[in-house]
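K.L.:
Number of protein chains: 2
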Amino acid sequence: MVSTFAPQAAGDLNFLKKLNRSSILGTVRRYPGATRADIAARTQLTKATVGGVVQALLERGWLREGELQPRGGGRPGRALYLDDAHHVLLGADIGVRGLRVVACTLGGEVLLQRYVTEAPTTPEETATRLAEMLRVLRGDPVIADRHCLGLGVTVPGPVAPDQPILRLAPNLGWIDVAFLEVLRPHLPDLDGAWLLDNEANAAAFGEFYFHDGIPPESIVYISAGSGIGSGLVTGDNYPLVPRGIQGLVGEIGHTIVQPGGLYCHCGNRGCAETLVSGWAIRAALGIADTENLEAAIAARGDDADVNAVLRRAGEALGTLMLNLHHTLNPAMLVLGGSLMHLGERLIEPALAYFEAHQNDLLRGTQRVPIKVIHDSTFTAARGAAAQVMAKAALEA
Amino acid sequence: MVSTFAPQAAGDLNFLKKLNRSSILGTVRRYPGATRADIAARTQLTKATVGGVVQALLERGWLREGELQPRGGGRPGRALYLDDAHHVLLGADIGVRGLRVVACTLGGEVLLQRYVTEAPTTPEETATRLAEMLRVLRGDPVIADRHCLGLGVTVPGPVAPDQPILRLAPNLGWIDVAFLEVLRPHLPDLDGAWLLDNEANAAAFGEFYFHDGIPPESIVYISAGSGIGSGLVTGDNYPLVPRGIQGLVGEIGHTIVQPGGLYCHCGNRGCAETLVSGWAIRAALGIADTENLEAAIAARGDDADVNAVLRRAGEALGTLMLNLHHTLNPAMLVLGGSLMHLGERLIEPALAYFEAHQNDLLRGTQRVPIKVIHDSTFTAARGAAAQVMAKAALEA
DNA sequence: ATTCTTTAGTTAATAGATTTAACTAAGTGG
DNA sequence: CCACTTAGTTAAATCTATTAACTAAAGAAT
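This is how it looks when you write it as structure tokens:
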């Protein structure tokens, strides 16, 4: 599984330095307020090495010093934090029903965000629109003086694992689009890293990389929207994002959970997407593509048909969660995507199904924590920004 | 997902040397006959570095020189191969219906193998029996003069990701067994690396590491035996084996493929294991645990019940293959396990189902290659030996 | 046959990163 | 006030890979 930020397998002294620098930066990210001594203990590097690298990172605006950390009966250490004042990360999300852009600090704090609900048409028009939004962001006084580390863009479909090409976005009608090349002429002055990734992968990455507190060992993010997909992230200093030989890792919408079930647009029957996805719910309830799904469902109130469809969708989501748990065994499950706006009628059955069908393979061990992101409008864009930081950290 | 052989994230000059040495060794493993110049080109290291490391590896019996490789109008390079004369790797497999041990060369060639069909009883008795078999192996003149790099042991159940403890083997009745500690007193003279892993993980690792020709980018191995599990491997010089937060990666036997289906011993309904596993087939056909499954089925001949059960099991296996493909998108699928002995009545429906239900997510791209190991008696043990080599290569 | 060109591989000097060891800095506790 | 502990810095030492120049060995052209 190709991974964007995995270190290469061999190298020279400069490579070793990059590795150690990234490791030190990663330690501060995961343990804000760590002192040089803490970092040395955790990375197994010597005080001398850590001291030198930290000095360089302070000068370049990647780290800042904080308060003194009292030690029991010894000189206190100086707390270190990611410097959130000198750099900015840009993220953009091309969704089926809108475009979103964000500007983040190194710590993952969103400084600026913008959202339009126009559905994307052609790549060229979308690039024009997105470039406008990004130029407005870039001109905002809040970030105008910061050094931009790059731009990450997410798309609703699989991306080739070895090159930034969107292979297929059925809900946009795009095939084999090298979107960054389409966008670049519109933003000639935006330098730094340019990245393209699948929306669920980026969201998973962001939830992992910008996790509050020590990140879990691994995260699976389930994105339930027009379609359904998932992203997996694991690793310490270099979060690994498996993509698969064709970039299809996490295409769980087409796993079969009901043999002989409903027909899916992919040609098979009983795919998860036939039960839990925007298009399946629209089809089951006769809601037109042009209508807003959330509003249409809210308008129907406490309708029995609606309740049944949402419960069935929720249980299918619960099945997917169980199957992912038994296949990938992540340390945390995160639920996001626009379907979360449909609320408890969908979410509650999913969680209940997951809980009720826990088997006792490992009796007594604690359950996997589940985080529900009720509004994940900017989750993918922020994740794309996180990927920019991970990329830039190796070059810092 | 914790991985055994992933390089740490930071280190000193010695760490860098290990990394480069392992990278050079990995290049020779994947490209037998490569010259120093080939290695330098592939690893991006300089000729000088490669030359020095290769010299050391030749002296230590890890590499051997072969014939001259003619170049177009220049000095020919000297072919390099893994040295299969000076070291030996030991692997052992504790299966539900027998114990297997192998001795391998660095290239994965099996020098010796032994197999007993006694079902394991207690860990202590199993350790006694296994130690006997390994001592016989170790004393064989074929390998007596070789330096032993270590021993890998596989077990039919999840292993904790951070320590060598078998968490649960329902088919053995073992819970939380630190098997290496049980075994060690019986083999006090066996030094080198001692490893414990799940059988499917080890098998996957071996198929990847000892792959004939350039290994695929990633492999998923499906082990269909008394239970059903899978292993995933990916990576170049450091094959990564995701294990999950509890070591449950690949426990696909308990993914739900038929909601509301048959009851499984885990408490849920419609688990894959209720359709495709030794115990499910026995239950469906009324074959006792004490009978040999293959023989009992052969004895019934061309029976309609048997055919139906095997076809249903095969189709369930095909469903699992599809779901794994859409979840992990490996570059290669390998089928193994004792059920493969049941032959085409099971295998053909699995392959046919998989082929028939390919969707056209990425029209026109080539299908994932599938390898069926009809007799995988020693596959897991050999995989465990491969893990020993990967571990030792970092210390070489 | 000789020379030129190309590629393979080795060697000595150089550059660069981390470590070691000694040091300074800054707290607590008796 | 002094002993003790922990944090962090500095200069010398160590070790690794690179650079650049070299030797080695083959084919091609003259």
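The listed protein sequences correspond, in order, to chains L and X.
Quick note on our numbering: the first sequence kicks off at 29 and runs consecutively.
Quick note on our numbering: the second sequence kicks off at 29 and runs consecutively.
Note that the Cβ used here is the ideal one computed from N, Cα and C, for glycine as well.
(1) Could you give the first and the last residue of the continuous beta strand (DSSP E) run that contains Asn226 (chain L)?
(2) Please tell me whether His175 (chain L) and His115 (chain L) are closer than 7 Å, where the distance is taken between their beta carbons.
(3) Report the residues of the segment 248-281 of chain L with a CB closer than 9 Å to any CB of chain X, ordered along the chain.
(4) Out of X:Lys75, X:Val164, X:Gly185, X:Gly119, which has the shortest C-alpha to C-alpha gap to Gly105 (chain X)?
(5) For Gln83 (chain L), does the count of other Cβ atoms within 10 angstroms reach 16, so buried, or fall short, so exposed?
(6) Just to make sure I have the definition right: I need the residues of chain X whose C-beta is within less than 7 Å of the C-beta of Ser51 (chain L). Which are they?
(7) Could you list the residues in the segment 218-230 of chain X with a C-beta less than 9 Å from some C-beta on chain L, going in chain order?
(8) Candidates L:Tyr59, L:Gly80, L:Arg70, L:Gly278: which alpha carbon is nearest Lys45 (chain L)'s?
(9) Have a look at L:Gly263, L:Arg103, L:Gln97, L:Asp173 and flag the residue whose alpha-carbon is nearest the alpha-carbon of Thr133 (chain L).
(10) Where do the ends of the beta strand (DSSP E) carrying Thr182 (chain L) lie?
(11) Hey, how far is the Cα of Pro198 (chain L) from the Cα of Glu319 (chain X)?
(12) According to the neighbour-count rule (16 or more other Cβ atoms, all chains shown, within 10 Å of its Cβ), is His402 (chain L) buried or exposed?
(13) When the cut-off is 7 Å and only beta carbons count, does His354 (chain X) lie next to chain L?
(14) Output, in chain order, the set of chain X residues within a Cβ distance shorter than 8 Å of Thr283 (chain L).
(15) Less than 7 Å between CB atoms is the rule here; does Glu245 (chain L) satisfy it with respect to chain X?
(16) Residues in its own chain within less than 6 Å of His385 (chain L) by CB, not counting five upstream and five downstream?
(17) Could you pull the DSSP bridge partners for Lys399 (chain X) from this structure?
(18) Pull out every residue of the segment 317-333 of chain X whose Cβ sits closer than 8 Å to any Cβ of chain L, in chain order.
(19) Could you tell me the boundaries of the beta strand (DSSP E) in which Thr262 (chain L) lies?
(20) Using the rule of at least 16 other Cβ atoms within 10 Å of the residue's Cβ for burial, across every protein chain shown, is Gln415 (chain X) buried or exposed?
(21) Using 7 Å as the threshold, is the C-beta distance between Val187 (chain L) and Ala120 (chain L) below it?
(22) Have a look at Pro35 (chain X) and Glu423 (chain X) and give me their C-alpha separation to the nearest angstrom.
(23) What are the boundary residues of the alpha helix (DSSP H) that Gly411 (chain X) is part of?
(24) Which full runs of the alpha helix (DSSP H) of 4+ residues lie inside the segment 137-179 of chain X, going along the chain?
(25) Hey, is the segment 200-220 of chain L in contact with the segment 304-316 of chain L, meaning 3+ C-beta pairs nearer than 8 Å?
(26) Just checking, does the segment 268-286 of chain X make contact with the segment 205-221 of chain X on the three C-beta pairs under 8 Å criterion?
(27) Count the other CB atoms, across all protein chains shown, that sit within 10 Å of the CB of Glu249 (chain L); report buried if there are 16 or more and exposed otherwise.
(28) Which residues of chain L have a Cβ atom closer than 8 Å to the Cβ of Asn48 (chain X), listed in chain order?
(29) Beta-carbon of Leu108 (chain X) versus every beta-carbon of chain L: anything under 7 Å?
(30) I need the straight-line Cα distance from Thr32 (chain L) to Ile273 (chain L), nearest angstrom please.
(31) Is the segment 219-228 of chain X touching the segment 252-261 of chain X, taking contact as three or more C-beta pairs under 8 Å?
(32) If you drop the 5 nearest sequence neighbours on each side, which residues of the same chain put their C-beta closer than 8 Å to that of Glu376 (chain L)?
(33) Three or more C-beta pairs closer than 8 Å, one from the segment 332-342 of chain L and one from the segment 298-305 of chain L: is that the case here?
(34) Can you give me the C-alpha to C-alpha distance between Leu363 (chain L) and Ile247 (chain L), rounded to a whole angstrom?
(35) Apart from the five residues just before and just after Ala420 (chain X), which ones in its own chain have a Cβ nearer than 7 Å to its Cβ?
(36) Taking Cβ positions only, does Ala359 (chain L) come closer than 7 Å to chain X?
P.N.:
If we stick to the structure as given:
(1) Segment 221-226, the beta strand (DSSP E) holding Asn226 (chain L).
(2) Contact: yes.
(3) Residues of the segment 248-281 of chain L with a Cβ closer than 9 Å to any Cβ of chain X, in chain order: Ser258, Leu260, Thr262, Gly263, Asp264, Asn265, Tyr266, Leu268, Pro270, Arg271, Gly272, Ile273, Gln274, Gly275, Leu276, Val277, Gly278, Glu279, Ile280, Gly281.
(4) Of the candidates X:Lys75, X:Val164, X:Gly185, X:Gly119, the residue whose Cα lies closest to the Cα of Gly105 (chain X) is X:Lys75.
(5) Within 10 angstroms of the beta-carbon of Gln83 (chain L) lie fewer than 16 other beta-carbons, which makes it exposed.
(6) Within chain X, the residues near Ser51 (chain L) are Ala37, Ala38.
(7) Result list empty, no residue passes.
(8) From the listed residues L:Tyr59, L:Gly80, L:Arg70, L:Gly278, the smallest Cα separation to Lys45 (chain L) is found for L:Gly80.
(9) Nearest C-alpha to Thr133 (chain L) among L:Gly263, L:Arg103, L:Gln97, L:Asp173: L:Asp173.
(10) 175-183 is the extent of the beta strand (DSSP E) around Thr182 (chain L).
(11) Looking at the two C-alpha atoms, the distance is approximately 52 Å.
(12) By the 10 Å Cβ count, His402 (chain L) comes out exposed.
(13) With 7 Å as the cut-off, His354 (chain X) counts as an interface residue toward chain L.
(14) By Cβ distance, chain X contributes Leu350, Asn351, His354, Thr355.
(15) Yes - at least one Cβ of chain X is within 7 Å of the one on Glu245 (chain L).
(16) Hits under 6 Å: Leu350.
(17) Answer is X:Val362, bridged to Lys399 (chain X).
(18) Within the segment 317-333 of chain X, no residue qualifies.
(19) Per DSSP, Thr262 (chain L) belongs to the beta strand (DSSP E) from 256-262.
(20) By the neighbour-count rule (16 or more Cβ atoms within 10 Å), Gln415 (chain X) is buried.
(21) The answer is no: Cβ separation not under 7 Å.
(22) Model confidence at Pro35 (chain X) stands at a pLDDT of 47, short of 50, so the residue's coordinates are unreliable; what they give is reported in the following sentence. Going from the Cα of Pro35 (chain X) to the Cα of Glu423 (chain X) covers about 12 Å.
(23) Run containing Gly411 (chain X): 407-423, per the alpha helix (DSSP H) assignment.
(24) Qualifying alpha helix (DSSP H) stretches, in chain order: 151-167, 169-172.
(25) Not touching, per the Cβ criterion.
(26) With the cut-off at 8 Å, the segment 268-286 of chain X and the segment 205-221 of chain X do not touch.
(27) For clarity, residue 249 (chain L) is Tyr in the given sequence; the question names Glu instead. Burial call: buried.
(28) Correct list: Ala38, Gly39.
(29) Interface with chain L (7 Å Cβ-Cβ cutoff): Leu108 (chain X) is excluded.
(30) A caution first: Thr32 (chain L) carries a pLDDT of 43, below 50, which makes its placement in the model too unreliable to give a value.
(31) Flag = yes, the segment 219-228 of chain X and the segment 252-261 of chain X touch.
(32) The beta carbon of Glu376 (chain L) is closer than 8 Å to those of Gly342 in its chain, skipping five residues each way along the sequence.
(33) Contact between the segment 332-342 of chain L and the segment 298-305 of chain L is established, with three or more Cβ pairs separated by less than 8 Å.
(34) Put simply, the backbone Cα of Leu363 (chain L) is about 11 Å away from that of Ile247 (chain L).
(35) Result list for Ala420 (chain X): Leu177, Gly178, Gly220, Ala221, in chain order.
(36) Ala359 (chain L) counts as touching chain X.
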